[in-house]
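So the structure is just underneath, and the comments pick up after that.
Chains as they are written, first to last, in my numbering: chain W, 2 to 182; chain Y, 3 to 67.
Put into structure tokens, the structure is as follows:
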């Protein structure tokens with residue numbers, strides 16, 4: 002089962018993303034409480050997938066009555082992909098430090114782009130930006146050190162867990178702000 | 003009711019998420035097939051990452067003015 006999920010997670014996310022986006026649009030156009038229940042059920046599936054890899058997408062979310070839960074955005078999809086590939090389901094990746102680093106760079110870039118979109122859409126206020134900027138700087142410096150180590154043929158200077166923890170915090174913010182009306 | 007700007011933002015975030023997942027899946031397939039990742043690829047990814055961070059800084063500064 003896990004092997005099947007790993008092999009098909011791109012298609013799973015593509016399908017979930019398409020269904021969820023369509024559902025969000027229908028909910029937006031029809032102010033019926035039933036709609037919210039259906040979308041909420043779909044969101045719980047995404048939550049279950051995210052929790053499989055140690056991320057709690059519900060933490061920090063606003064959950065007012067009648068509100069629609071947020072979608073599985075860029076950071077969540079990328080983070081789950083990273084976790085599945087690096088977190089025990091993809092031993093082959095650990096044998097290729099360059100591939101590990103490249104996946105981490107691409108995942109982080111996607112999360113930073115999502116933060117830029119949220120800022121431009123007015124979803125991140127100045128206080129949010131200070132926190133996000135600090136997290137982004139930490140992760141960027143860590144990835145620079147990681148790259149230098151890989152190029153020198155040395156092991157990463159910091160643990161992968163530390164980098165994942167910073168990414169997880171950024172994604173919590175993305176989920177919170179991306180889903181807020 | 004969700005406004006159209008929020009819907010467009012959601013659509014973009016989901017599309018970006020699916021896009022990067024596909025990229026990572028393609029990388030996985032290459033590594034599993036025995037293909038080696040080059041240092042040029044890593045350097046290009048670093049440049050894209052640094053450019054993304056710079057865009058975030060600009061977006062942050064624009065709204066604070």
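C-beta atoms are modelled at their ideal positions from N, C-alpha and C, and glycine is treated no differently. Treat the numbers as computed from the prediction; the structure is a model and nothing was measured.
Tell me whether residue 126(W) is buried or exposed, calling it buried when 16 or more other Cβ atoms sit within 10 Å of its Cβ.
exposed
Would you verify that the beta carbon of residue 167(W) is, or is not, closer than 9 angstroms to some beta carbon of chain Y?
no
Beta carbons nearer than 7 angstroms to chain Y: which residues of the region 129 to 147 of chain W have them?
130, 134, 137, 141 and 144
Could you have a look at residue 126(W) and say whether DSSP puts it in helix, strand or coil?
coil
If you follow the alpha helix (DSSP H) that residue 101(W) is part of, which residue opens it and which one closes it?
98 to 121
List the residues of chain C that residue 57(Y) touches, going by C-beta distances under 9 angstroms, in chain order.
No chain C appears in this structure, whose protein chains are W and Y.
Of the residues 115(W), 118(W) and 139(W), which one's Cα is nearest the Cα of residue 165(W)?
139(W)
Output yes if chain Y places a C-beta closer than 9 angstroms to the C-beta of residue 170(W); else output no.
no
If I measure Cβ to Cβ from residue 28(Y) and keep anything under 7 angstroms in the same chain, skipping five residues before and after, which residues do I get?
none
Please name the residue, chosen from 167(W), 132(W) and 145(W), that lies closest to residue 48(Y) on a Cα-to-Cα basis.
145(W)
Residues within the region 98 to 111 of chain W neighbouring chain Y, beta-carbon criterion of under 8 angstroms:
99, 100, 102, 103, 104, 106, 107, 108, 109, 110 and 111
Does any C-beta atom of chain Y lie closer than 9 angstroms to the C-beta of residue 72(W)?
A caution first: residue 72(W) carries a pLDDT of 45, below 50, which makes its placement in the model unreliable, though a value can still be read off. With 9 angstroms as the cut-off, residue 72(W) counts as an interface residue toward chain Y.
Under 9 angstroms, Cβ to Cβ, is there at least one residue of chain Y near residue 122(W)?
yes
Are the beta-carbon atoms of residue 149(W) and residue 156(W) separated by less than 9 angstroms?
no
Relative to the C-alpha of residue 52(Y), which candidate in 135(W), 142(W), 154(W) and 128(W) has its C-alpha closest?
142(W)
Closest to residue 102(W) by C-alpha separation, out of 38(Y), 10(Y), 11(Y) and 21(Y), would be which residue?
38(Y)
Could you tell me if residue 25(Y) is buried or exposed, where buried requires 16 or more neighbouring beta carbons within 10 angstroms of its beta carbon?
buried
Express the C-alpha separation of residue 172(W) and residue 60(Y) in angstroms, rounding to a whole number.
20 angstroms
With hydrogens ignored, establish whether the beta-carbon of residue 175(W) is closer than 8 angstroms to any heavy atom of the ligand NAP.
This structure lacks the ligand NAP; in fact it carries no ligand of any kind.
To the nearest angstrom, how far is it from the Cα of residue 162(W) to the Cα of residue 64(Y)?
33 angstroms
Where does residue 153(W) sit, in a helix, a strand or coil, going by DSSP?
coil
Compare the C-alpha of residue 168(W) against each of 98(W), 97(W), 100(W) and 113(W) and name the closest.
113(W)
Look at residue 178(W) and residue 119(W) and say whether their C-beta atoms are less than 9 angstroms apart.
yes
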